[in-house]
Every structure is written in structure tokens, then in C-alpha cells.
Amino acid sequence: MKKVVVRLAAPCLFVALLPFDVLAGAANGPIPWRTDFESARQEAQSSGKFLLVNIHATWCMPCKQLQATTLQDPKLAQMINQHAIPVSLDGDQSFRLLRQWGVQAFPTQLFIAPTGQVIGKIEGYVDVLKYAASFQQAATTYAASRPAPPAPQTRPAMTPRTARPAVYATNDPAAPTSVRQVAARMPAETPAPSQIPSRAPSQATLALDGHCPVSMIERAEMVPGSPSISHVHQGNRYYFLSEREKQLFEQEPHQYLPGENGNCVVTWREQGRWIAGNLLFPAIFGEDVFFFADEESQRKFLLDPEHYVDDHGNALRRVR
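The structure is reproduced here in C-alpha cells:
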């Protein structure tokens, strides 16, 4: 789909085909838009969320299309409401802020940390999948900028599967139904996709390309482990950041293993075959880390995870 952008310097030649109250009535939709930026910023600061600023104009046709279609999606709205403070600003009434942020087009979606730092942007009309992907990337960026909480001495009790926990920012970035994308801190060279083991029981295959599984869960980061601190579990060798992570893994390894042994649950659901997930495309749903064959599979999962896994984190079979 061709992206439609209204440049501020250009005259608007669109004829409004949508009702003029589409933007004015946005507060009645699934997203509770705030209209005062400073109040919203203070709310974001106290809640630990980041800001989503929807900049539009009453005369802008793509703005109306975005509000009437993409921003009405219930799953996208759930993602936004759970992880951001949404603000709706009329660009014609917000010149100072537009100059401050360097906005040059309508509509523009800005993702802003409570400190005022712009961490992401969308220009023009986009569909739900593209909007969700950009929102997710902004959440990951925001997560990486926040200080990590002190590491617990012991692993806390698991939340029951029947009540999947909400997930936020670095420890819980955005995505619907408690989905988050792991903020990857990858090595300089791009790693090869994760390999699902096919070997003799006596052999140990390096798992997660040497990244620490405990850091993956506790800190939502892909941190390279040390070869000198390792443990073999079910034929896979895992590297750890420190002895602490190793001890936690040895006590309860099942809490740190990737869902479906690292296979892509999207290709299983849609094609009926297992494909090894790639570490470049992770997501966390509830308590489980999943890896996906490609970016498109990851996006599909982020948009509707419960279409691919059940409440216990098990992959759903293909419906024939």
C-alpha cells in the first residue's frame, strides 16, 4: 500500500470524504486520547509509560483515514492503552511543539519518552500491522533507555498461566495481550538462526547462539554468555552471564527455555511444519520467549498471539 503523507508546506487538495467529526470524536473510540501535552507528560512520568502523540489537522484526509481505520483496531488500541499515554494534538494549534519536534507532515505519530526525547515516528497513513510494528520498536527503544531494576536474589514465583501478567517497557515493552519484543543486544556480526537440535544424545549443541537464557527472561535482553560459565540441559549447552544466572537456570531450567524449543509457532500454525526461529525476531508472551522465522511471522504474532499459542504457551495446531 502506498503511504499517503500530507506535507505541511504543500496546499491541501483533498476533499474530505469522511465525516468532519472523525477526529473530534476520537475520544469516543477505543483509545482515550488526552489533549493537553504537559498533563499527559506528567502522567507518563508517574506511570513509567511513554507518550504516543497523534498530530493531525481537521482538513487532512489521511489523518481522518488513520483515525477511522487503523486507530479503531481493538488489538492495537489495547496495546496503546496498556503501554503508552495517548495524546491527540491539532497541528494547526500546536505550532510551538511542531517546531520543537521537527514535524513536517500530517498525520505524524510521535513516540516520546517522559523526558521529552523522541524515540520513534510514523509519517502518513499506515495500516495496523505497520503501526503496531513501529509502536513495538519505540517501546523497545524506550525500554533500553530505562535503568534496569536491581536483580532479585531468587527467582520469584511464576504467575499462574490462567492469569497471564501484563508486560511493560524494558521488563515489559508494548504488544497486545502481554506481548513484548525482546530488546536485543546482539554481537557485531549477525548471528545465524537458532538451530533446533538433531543429534546424538551424547553431543551437546550450543543453544541460543551462546546468549544467556536467564538474562533473556529477567532483563528482556539478548546478552552473550561466557563459555567458561556453562551448563548442559537436554543435550543443549547454555552460556551464562555469571554464576548467579547459571544457578538460577540449574534450579528451574524450564522457566528460562524458549517456547516450543525455539521453533516458529507462526509457520507451525499456518503451514503445519516446524521451522527454527531466528534470534533476530523474538517476542515474549506471558512467561514464554518465542523466536520467529522472519519479521513477518513476528509481526503476525505480535498482533494476535492467542491465534498461535494457548494459555499454557503451547503452539496451536494448523486448522485444515
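In my numbering, the protein residues as written are 27 to 346.
Beta carbons: idealized from backbone N, C-alpha and C, even for Gly.
ask   = Among the residues of its own chain, which have a CB less than 6 Å from the CB of proline 60, if the five just before and after it don't count?
value = In the sequence under discussion, the amino acid at residue 60 is arginine, which differs from the proline named in the question. Answer for arginine 60: Ala66, Val113, listed in chain order.
query = Short check: CB of alanine 233 to CB of tryptophan 294, under 7 Å?
reply = no
query = With a CB to CB cut of under 8 Å and the five nearest residues on each side skipped, what residues in its chain are close to phenylalanine 275?
reply = Pro239, Val240, His257, His259, Tyr264, Phe266, Tyr282
message = For aspartate 314, list the residues DSSP reports as bridge partners.
response = Phe311
key: Minimum C-alpha distance to lysine 75 - residue among Thr166, Arg299, Cys89   = Thr166
message = Distance check for proline 308 and glycine 298, CA to CA, integer angstroms please.
response = 20 Å
ask   = How many angstroms separate the CA atom of asparagine 304 from the CA atom of aspartate 118?
value = 45 Å
request  = For isoleucine 106, name the three-state secondary structure that DSSP assigns.
outcome  = helix
query = How big is the Cα-Cα spacing for asparagine 80 and glycine 251?
reply = 41 Å
query = Does the separation of the CB atoms of aspartate 314 and glycine 339 fall below 7 Å?
reply = yes
request  = Indicate the three-state DSSP secondary structure (helix, strand or coil) for leucine 342 in the structure shown.
outcome  = coil
message = Which residues does DSSP list as the beta-bridge partners of arginine 263?
response = Leu232, Val258
query = Where proline 4 and glutamate 149 are concerned, what is the direct C-alpha to C-alpha distance, given to the nearest angstrom?
reply = No answer is possible for residue 4: it lies beyond the span of the chain, which begins at 27 and ends at 346.
query = Assuming glycine 55 and leucine 97 make a contact with CB atoms under 8 Å, what is their CB distance in whole Å?
reply = 7 Å
message = Buried or exposed, going by whether 16 or more other CB atoms sit within 10 Å of the CB of threonine 188?
response = Here the model assigns threonine 188 a pLDDT of 37, short of 50, so the residue's position is not dependable and the matter cannot be decided.
ask   = What are the uninterrupted segments assigned as beta strand (DSSP E) that are 3 or more residues long and contained completely in the region 74–132, given in chain order?
value = 76–82, 110–116
ask   = Straight-line CA distance for valine 291 to phenylalanine 161?
value = 22 Å
request  = With DSSP as the reference, please indicate the residues paired to lysine 147 in a beta bridge.
outcome  = Leu136
message = Tell me the rounded alpha-carbon separation between glutamate 69 and asparagine 107.
response = 13 Å
inquiry  = Does valine 152 come out as helix, strand or coil in the three-state DSSP assignment?
reply    = coil
request  = Give me the Cα-Cα distance between glutamine 163 and arginine 270, rounded to the nearest whole angstrom.
outcome  = 30 Å
Simplified DSSP assignment, three categories, for glutamate 278 = coil
query = From this set, Ala158, Glu296, Pro253, which residue's C-alpha is nearest alanine 103's C-alpha?
reply = Ala158
Nonlocal neighbours in the same chain, by C-beta distance under 8 Å from serine 73, ignoring five residues either side = Ile111
request  = Just the C-alpha distance for methionine 248 and phenylalanine 311, rounded to the nearest angstrom, thanks.
outcome  = 16 Å
request  = Output yes or no for whether 7 Å exceeds the beta carbon distance between proline 88 and tyrosine 151.
outcome  = yes
query = Which term fits phenylalanine 121, buried or exposed, when burial requires 16 or more other beta carbons within 10 angstroms of its beta carbon?
reply = exposed
inquiry  = By alpha-carbon positions, which one of Arg245, Leu123, Lys156 ends up nearest to alanine 170?
reply    = Arg245
query = In this structure, what does DSSP give as the bridge partners for serine 65?
reply = In the DSSP output, where bridge partners are listed per residue, serine 65 has none listed.
task = Can you check DSSP and say which residues form a bridge with valine 335?
result = Ala341
key: Span of the alpha helix (DSSP H) around proline 295   = Per the sequence shown, residue 295 should be read as arginine rather than proline. Taken as a continuous stretch (DSSP letters only), the alpha helix (DSSP H) holding arginine 295 covers 291–297.
request  = Could you give the DSSP three-state label for glutamate 215: helix, strand or coil?
outcome  = Bear in mind that a pLDDT of 41 at glutamate 215, under 50, signals an unreliable position, so the number given afterwards is only what the model happens to contain. DSSP places glutamate 215 in coil when its eight states are reduced to three.
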